[in-house]
Amino acid sequence: MKVIRKITSIITRIFLFFILFFTLPYYKTVIFNFPAEEKFNGPSWYNSYAILPDTIQKVNLHTHAKAWLGLTNGKNSTDSIIAAYTKMNYDLVAISNYQKIEPQHTDQLNYISAYEHGYNIRKTHFNVFGTDKVKFFDYPYYLNTSQKQQVINMLQEESKFISINHPVLTNGFTTKDAQQLCNYHLMEVWNLFGKSEGHWDAALSSGHPVFLLANDDSHSLEKGSFRMWNMIYASSANADSIASALLQGKSYGVWNKAGINGSVPKMNFTMDIENDTLHFSSAIKFDSIYVIADNGKIILKRTDTNSISGFISSENSYARIKLFAENYQILFNPLMRYDGNDLFTQYKKTPEINWLQSVLFKMAVFIFHFAIIFILIKMRK
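Sequence positions in the sequence shown follow my numbering and run 565 to 945.
Right, here's the structure in full:
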């Protein structure tokens, strides 16, 4: 019995030490007062598809290669991934390993630096693009909304753009988070591990101009690759052109249900809105066309058609289109009400620091640590 008690004591001490060590970052917590929700408003509509270039790029911005001695579950080499995606007619594939930037390879015609940030329990992850520095700070356990905002602000400092990754996966982001978080413009709405349209609608319904990404998040070429991607209206597939197009919403997402054995035709379409009446027409006939507005409500629907038109009432601040075919789906960015000037300037929101709550949070962490240290000291006696 003494041996069992001793082993139990050692295990308990190790456990408490790990809790103590990995909660040290929580002293950096800042609590924010988030701005009140404000829906998109104004006499004009922001339509990213009103004027499009003739060139379009097929892009996947979330793929994992073997890294960190294989501990992060990437199965293939970077070279083999680039070769496979090139064979499938991708113009750009970003290798976004956890906390590691993969340099450009000699056979990689187009390149954007990328890494996936985050090593917390709930998989609150972000993709960081166009940077040469990896930020390692994170909150290893739970992140509240203010802590997620802190990480967003940190990652935005030295990057071209960031995306919130797979919000629905293990509830890494809640719909309440989506209603409040600011200072980012892209959300991975479609991901192999889950679709997060509910989170996207929560952000849009709260007046956050957020555009979509659709990515494989592939960890193995043998499983899950070539199913989700972005079609981006950019003059080339270099980093600057891709970033500019994405941040204007000039892209659409594709979900290919058949994977490597399926094919999805490029879209030839028109989308415009005049006097609050939306018109969409495609060269391809679809099983269904949905128009989705505030809070994810379907406001228009047609079946077995290549077009849809309808009035967008004043109670709807945005409208987005989703297309359904037998073996694939297409997701478009939203048309949003605005003042006709700059979209992001109009809807820029800056959370203010609540200094009292920030200090109280740090005090709570200190008391928690004091209790752990007290227990560890008592166990030594």
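We treat Cβ as the ideally placed atom computed from N, Cα and C, and that holds for glycine.
No experiment lies behind these values; they were computed from the predicted model shown.
Buried or exposed (CB count within 10 angstroms, at least 16 for buried), residue i
i: G682; result: buried
i: P617; result: exposed
i: D643; result: exposed
i: K622; result: buried
i: R791; result: buried
i: Y706; result: exposed
i: K814; result: buried
i: E680; result: buried
i: S608; result: exposed
i: S881; result: buried
i: E752; result: buried
i: V567; result: exposed
i: A809; result: buried
i: E879; result: exposed
i: V793; result: One point to set straight first is that residue 793 is Trp, not Val, in the sequence displayed. By the 10 Å Cβ count, W793 comes out buried.
i: I939; result: exposed
i: D851; result: exposed
i: M927; result: exposed
i: K759; result: buried
i: V923; result: exposed
i: N820; result: buried
i: R901; result: buried
i: I645; result: buried
i: G826; result: exposed
i: A798; result: buried
i: K712; result: buried
i: K912; result: exposed
i: D671; result: exposed
i: L633; result: exposed
Neighbourhood of residue i by C-beta distance below 6 Å, restricted to the same chain and skipping five residues each side
i: Y983; result: Past the boundaries of the shown model lies residue 983; the chain is included only from 565 to 945, so the question cannot be answered.
i: L785; result: N640 and A648
i: I716; result: N747 and Y748
i: S782; result: T627, G788 and S789
i: M652; result: F790
i: A803; result: I676 and G694
i: N832; result: A847
Beta-bridge partners of residue i, as assigned by DSSP
i: E680; result: Y662 and N691
i: D836; result: H843
i: M792; result: W819
i: G874; result: L842
i: A614; result: BP columns for A614 are empty, so no partner.
i: T627; result: I659 and S782
i: Y654; result: Its beta-bridge partners do not exist; DSSP assigns none.
i: Y854; result: K865 and K886
i: W609; result: R901
i: N597; result: E916
i: K536; result: The requested residue 536 is not part of the displayed model; the chain covers only 565 to 945.
i: K622; result: M795
Same chain, Cβ closer than 7 Å to residue i, five either side skipped, listed in chain order
i: F875; result: D840 and T841
i: F960; result: The question about residue 960 has no answer, for the chain in this structure spans 565 to 945.
i: Q668; result: Y675
i: A801; result: Q621, V623, D655, L656 and N674
i: Y591; result: K926 and V929
i: E601; result: Q743, S770 and G771
i: M718; result: K699 and F701
Sequence-distant residues of its chain with Cβ nearer than 8 Å to residue i (five each side left out)
i: I948; result: Summary: the structure shown does not reach residue 948, with the chain confined to residues 565 through 945, and so no result is reported for it.
i: G762; result: V732, T739 and G860
Heavy atom of the ligand HEM within 6 Å of residue i beta-carbon
i: F888; result: Questions concerning the ligand HEM fall outside what the structure shown contains, since it holds no ligand whatsoever.
Requested in this report: Determine contact between the stretch 855–870 and the stretch 756–769, defined as no fewer than three beta-carbon pairs at a distance below 8 Å.
Outcome: Output reads yes: the stretch 756–769 touches the stretch 855–870.
Report task. Determine, using beta-carbon pairs with one atom in the stretch 590–598 and one in the stretch 882–895, whether at least three such pairs fall under 8 Å. Result -> no
Query raised in the report: Counting Cβ pairs, one atom from each stretch, are 3 or more of them under 8 Å apart for the stretch 677–696 and the stretch 572–579?
Result: no
Requested in this report: Please go through the stretch 888–938 and give each complete beta strand (DSSP E) segment of 3 or more residues, from N-terminal end onward.
Outcome: 892–896 and 899–902
Query raised in the report: At what residue ranges does the stretch 713–781 contain a whole run of the alpha helix (DSSP H), taking only runs of 4 or more?
Result: 739–744 and 761–769
Query raised in the report: Should the stretch 624–636 be called in touch with the stretch 658–667, which here means at least 3 C-beta pairs below 8 Å?
Result: yes
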